[in-house]
Amino acid sequence: NEEALERAFHRLAEGGKVLMPLDDYGFSARFGWLNDRFGLSWQLNVPAGDLP
Numbered sequence: 001n002e003e004a005l006e007r008a009f010h011r012l013a014e015g016g017k018v019l020m021p022l023d024d025y026g027f028s029a030r031f032g033w034l035n036d037r038f039g040l041s042w043q044l045n046v047p048a049g050d051l052p
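Following the UniProt record's numbering, the numbering of the sequence shown begins with 1 at its first residue and continues without gaps.
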């Protein structure tokens, strides 16, 4: 769900770098891209149509 996505994104972003903040980008209802504190890249996504 969206709350879990927000929590995960903000925890992973601690000490890292947000490349694309969580938002609606058209291709996704909620998408965010970041590098965590270890340099690993994460792309978190809620597909379009999955949110109320």
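Glycine residues also receive a C-beta, built at the ideal position from the N, C-alpha and C atoms.
Of the listed residues Q43, D36, G26 and N1, nearest to L12 (C-alpha basis)
Nearest to L12 by alpha-carbon distance, out of Q43, D36, G26 and N1, is D36.
Going along the chain, which residues of its own chain have a beta-carbon closer than 7 Å to the beta-carbon of V46, five neighbours each way excluded?
The residues are E2, L5, S28, A29 and R30.
Using three-state DSSP, classify A29 as helix, strand or coil.
The answer is strand: DSSP assigns A29 an E or B state.
From W42 to Y25, what distance separates their C-alpha atoms?
The straight-line gap separating the alpha-carbon atoms of W42 and Y25 is approximately 16 Å.
Closest by C-alpha distance to M20, when choosing among G39, G32 and G49:
Of the candidates G39, G32 and G49, G32 places its Cα closest to the Cα of M20.
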